[in-house]
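A.B. asks: One structure, as structure tokens, below. Some questions next.
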Amino acid sequence: MHPIVDLRSDTVTKPTPEMRRAMAEAEVGDDVYSEDPTLNRLEERAAEMFGREAAMFVPSGSMANTIAVMTLARRGSEVICEERAHIFSYEMASLSAIAGCAARGVKTEDGLLTWKLVKEAIRPKGRYMAQTGMVSCENTHNVAGGVVLPTEDAEEICDGAHEAGLTVHLDGARIFNAAVALGKSVAEITRKFDSVTFCVSKGLGAPVGSLLLGTAEYIAQARINRKILGGGMRQAGVLAAAGLIALEQSPQRLHEDHENAQVLAQGLAAIPGIRIDPQRVQTNIVVFDVSGTGQTSQQLADQLATHNVKVHAMTPTSIRAVTHCDVDRAGCLRAVAALEQVCAAGVRA
Ligand SMILES: *Cc1c(COP(=O)(O)O)cnc(C)c1O
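Under our numbering, the residues of the sequence shown are numbered 1436 to 1784, in order.
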């Protein structure tokens, strides 16, 4: 049997031998006292790359998003976001359960918010409706297939929201993928947001962690909120050591994941019953429709697993495959061949 091709997510990436060595050798201290030198270096480096005053390491992207809402929006206010946004649909409603806000989901065809859509969702001032507290954007948009938010649209949202007295957070879990697709720096494409988060634990390949970025004042308040959530981590330099390597080295290779996703998308498009437009695949996420195969996404995913190919059944009719540093071109081609076989067998049966 072939080795496993795991395309469920880019979170499945394992730390490299170099990361493991750095983790073993990391100089550490107590980060709740801000005394972990390796962690401090990661935060300083991240802030520098994004052109921000300060950064804070958090255990997960979900916690970073929750902290952003706690810090930027009043309890009882609404957070405008795209309807399928991670912060809305994939974080156990922590936005409400913990941050005390309500999500105002905005429906879009392609996952991309615009200022026009955001503006229409802002509540009028008054005594009955929850008041709009903040806006949250996502770049790249995970569930919409890794689509990139154009920088002009992002900046128009930020300018409009600021003028309306609202703060704007960017869930940039995969912002480095967006930067590669746009051919711009992460600092350039995020500069107008009040708050930005990104994950080192996804395509960048580190085992654990995300960073939250903003002004020194914002991050000081965010540190208090992280502690409220129990996210103060002591000798977290062992994690930051891998994060530093991820941050310095991985962005340069993300284009390979995008090229592999394109190969994957083109292969899938040729399979009868599968519907996907490869031109809409901009980064490392490939979402395809399987309704024409006569099988559910879960049935297909289960059969693919018997071929040692793992994918994520996202909705009953769609599957997500994510390319990353632990899957090569040959692995992607093998995934296509396996699906071709599984679909053909299904049609005969
Ligand atoms: C993965 C992801 C996150 C954070 O996920 P964690 O598993 O909590 O680190 C946040 N936003 C988006 C868009 C994501 O894809």
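Don't be surprised by glycine CBs; every beta carbon is placed ideally from N, CA and C.
(1) Is the segment 1710–1725 in contact with the segment 1682–1701, if contact means three or more CB pairs nearer than 8 Å?
(2) Could you check if T1625 is buried or exposed, using at least 16 other CB atoms within 10 Å of its CB as the buried criterion?
(3) Could you work out which residue in E1591, M1491, P1686 is closest to F1611 when comparing CA atoms only?
(4) With a Cβ-Cβ cutoff of 7 Å, do L1647 and V1493 count as a contact?
(5) Would you be able to state if there are at least three C-beta pairs under 8 Å between the segment 1444–1455 and the segment 1656–1664?
(6) For A1508 and A1534, which I take to be in contact (beta-carbon distance under 8 Å), what is that distance rounded to the nearest angstrom?
(7) So the candidates are A1651, G1644, A1677; which of them puts its Cα closest to the Cα of G1666?
(8) Using a threshold of 7 Å, state whether the C-beta atoms of G1396 and S1512 are closer than that.
(9) Suppose contacts are defined by Cβ-Cβ distances below 7 Å. Is A1489 in contact with A1675 by that definition?
(10) Select from M1454, K1554, A1772 the residue whose C-alpha is nearest the C-alpha of D1594.
(11) Is T1403 near E1462, with beta carbons less than 7 Å apart?
(12) Given this structure, state the Cα-to-Cα distance separating C1443 from H1747, to the nearest angstrom.
(13) Going along the chain, which residues of its own chain have a beta-carbon closer than 6 Å to the beta-carbon of Q1730, five neighbours each way excluded?
(14) May I have the straight-line CA-CA distance separating E1479 from R1558, to the nearest angstrom?
(15) Buried or exposed for R1688, going by 16 or more other Cβ atoms inside 10 Å?
(16) DSSP beta-bridge partners for A1489?
(17) Under 7 Å Cβ to Cβ from V1583, same chain only, skipping five residues before and after it: list those, please.
(18) For C1593, which residues does DSSP report across the bridge?
(19) Rounded to whole angstroms, what's the CA-CA distance from F1723 to H1742? Just pull it up for me.
(20) At 3 residues or longer, what runs of the beta strand (DSSP E) sit wholly inside the segment 1484–1564?
(21) On a CA-only basis, which of M1491, R1456, E1623, L1552 is nearest E1518? Give me that one, please.
(22) In terms of residue numbering, what span does the alpha helix (DSSP H) encompassing T1741 cover?
(23) Less than 6 Å separating the Cβ of D1606 from some heavy atom of ligand 1?
(24) Let me confirm a value: Y1525 is counted as buried when at least 16 other C-beta atoms fall within 10 Å, else exposed. Which label applies?
(25) Between which residues of its own chain and V1467 is the CB-CB distance below 7 Å, once the five residues before and five after are set aside?
(26) With distances taken from CA atoms, which of A1556, S1495, E1591, T1543 is nearest A1579?
(27) Can you look up K1662 in the DSSP assignment and give me helix, strand or coil?
(28) Could you give the DSSP three-state label for I1754: helix, strand or coil?
(29) Can you have a look at S1469 and say buried or exposed, based on whether 16 or more other CB atoms are within 10 angstroms of its CB?
(30) Between the Cα of P1751 and those of A1503, Q1734, L1639, spot the shortest distance and give me the residue it belongs to.
(31) Hey, quick one: how far does the beta strand (DSSP E) through I1706 stretch, first residue to last?
(32) Rounded to whole angstroms, how far is the Cβ of C1760 from the Cβ of G1640, which I believe are closer than 8 Å?
(33) Return yes when at least one heavy atom of ligand 1 lies under 6 Å from the C-beta of S1497, else no.
(34) Could you tell me which of W1550, E1598, F1628, M1564 sits nearest to E1591, measuring between CA atoms?
(35) Quick one: using the 10 Å Cβ neighbour count with 16 as the cut-off for buried, is G1607 buried or exposed?
(36) Apply the 10 Å Cβ neighbour rule to A1503 and answer buried if 16 or more other Cβ atoms are within range, or exposed otherwise.
C.D. replies: Taking the structure as given:
(1) yes
(2) buried
(3) P1686
(4) yes
(5) no
(6) 7 Å
(7) G1644
(8) Look at the range of the chain in this structure, 1436 to 1784, and you will see that residue 1396 is not part of it.
(9) no
(10) K1554
(11) No answer is possible for residue 1403: the residues shown for the chain start at 1436 and end at 1784.
(12) Note that residue 1443 is Arg in the sequence shown, not Cys. So the alpha carbons of these two residues sit roughly 5 Å apart.
(13) G1781
(14) 38 Å
(15) exposed
(16) G1649
(17) N1574, T1575, A1613, A1616, L1617, Q1717, T1718
(18) Looking at the DSSP assignment, C1593 forms no beta bridge with any residue, so it has no partner.
(19) 19 Å
(20) 1489–1493, 1513–1517, 1537–1541
(21) L1552
(22) 1732–1741
(23) yes
(24) exposed
(25) G1667, R1669
(26) T1543
(27) helix
(28) strand
(29) exposed
(30) Q1734
(31) I1706 -> no beta strand (DSSP E), and no H or E assigned at all.
(32) 5 Å
(33) yes
(34) W1550
(35) buried
(36) buried
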